[in-house]
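To start, the structure under review is shown below, and the notes come after it.
Numbering (my numbering), first residue to last: 5 to 67.
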């Protein structure tokens, strides 16, 4: 698979580039936009609140 002109990894690295898009993919943009559009303002706010609540719970459990 061509890596688009990215130099070959040094011999000390166990793995080199494993895809043709080593810095990501532009396809994530329409997926993200669709998610945001479908959730709407209220849905994104609620999802954010739950994500913060879950992150705080996990942080407390890992102390």
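Think of the CB as a built atom: it goes at the ideal place given N, C-alpha and C, for glycine as much as any other residue.
**OP:** Measure the C-alpha to C-alpha separation of residue 33 and residue 65 and round it to an integer number of angstroms.
**Re:** 34 Å
Original post:
Does DSSP put residue 30 in a helix, in a strand, or in coil?
Top reply: coil
**OP:** Return the chain-ordered list of same chain residues with a C-beta closer than 8 Å to the C-beta of residue 43, the five sequence neighbours on each side being excluded.
**Re:** 51
Original post:
So residue 40 packs on residue 48, CB below 8 Å; how close in whole Å?
Top reply: 7 Å
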